[in-house]
Amino acid sequence: MDLAPVTFRPIGIVHSEHRSERHTPIQPVCAEGCSGRVEILDEYADGLEDIEGFSHIHLLYHLGRAGPARLKAVPFLDDLPRGIFATRSPWRPNALGLSLVRLVRREGVTLFIDEVDILDGTPLLDIKPYVARFDARERARCGWTDEVDARTFAERGSREGPLLPEPDQRHAPPAAGC
């Protein structure tokens, strides 16, 4: 199969208090109180009309500092290598990140957000509103994550959690044959 390359142009930039991966929350649900802002390029200002009516928005962004892609990774909630498409790991073939953040307010082309797990200076590719009737699924199965207990989630959700090893140990590329 021969597929043509796809090119994206950022629509803005994400600013946050997070300067390094080591101190960035692993998922937005673990990032309450971590605020930031999104600055949209002026040419996309009209696209922000009506966004204030939504409490949460999905941000799609480029994981430019994630490192090389891999097809298996050990997720933060597990100790076993999993297929990259069954994880939220940043080492994806196209380095795309997706975060659901809380929209606090809009001022012109700036969106003030909370529950931010995105590194400062990250290029923003798109914004979509969270719509519960479209995005929430009553009977969704969540694969291997359904087996993770609340204690493990609470402890590993923060990068400073007691059960989370150093990044170089936890996310080292899997051994050959994995």
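Sequential numbering of the sequence shown, starting at 485, is according to this note's numbering.
The beta carbon of each residue, even a glycine, is placed where N, CA and C say it ideally should be.
Under three-state DSSP, which class holds isoleucine 535? helix
Residue closest to alanine 616, alpha-carbon to alpha-carbon, out of Glu591, His540 and Pro494: His540
Would you call threonine 491 buried or exposed, if buried means 16 or more other Cβ atoms sit within 10 Å of its Cβ? exposed
Note down the Cα distance separating tryptophan 628 from leucine 564, rounded to an integer number of angstroms. 10 angstroms
The alpha helix (DSSP H) that contains arginine 617, what's its start and end? 616 to 619
Alpha carbon to alpha carbon, how far is leucine 584 from proline 577? Give it in angstroms, no decimals. 21 angstroms
Nearest-angstrom Cα distance between glycine 551 and glycine 567? 17 angstroms
Of the choices Leu487, Gly496, Pro559 and Ser500, whose alpha-carbon is the least far from that of proline 598? For the record, residue 598 in the displayed sequence is aspartate; it is not proline. For the residues Leu487, Gly496, Pro559 and Ser500, the minimum Cα distance to aspartate 598 belongs to Ser500.
Can you list, in chain order, the residues of its chain whose CB lies under 6 angstroms from that of valine 600, leaving out five sequence neighbours each side? Ser500, Ala515, Cys518, Gly520 and Val585
Any idea if phenylalanine 618 is buried or exposed, counting beta-carbon neighbours within 10 angstroms, 16 or more meaning buried? exposed
Could you check how far apart the C-beta atoms of tyrosine 528 and isoleucine 495 are, in whole angstroms? I think they sit under 8 angstroms. 5 angstroms
May I have the straight-line CA-CA distance separating glutamate 686 from proline 559, to the nearest angstrom? A query on residue 686 cannot be resolved here, the shown segment of the chain reaching from 485 to 662 and no further.
Assuming leucine 580 contacts histidine 542 (C-beta within less than 8 angstroms), just tell me the rounded distance between them. With a Cβ gap of about 12 angstroms, leucine 580 and histidine 542 do not count as contacting.
Check methionine 485 in the structure and name its three-state DSSP category. coil
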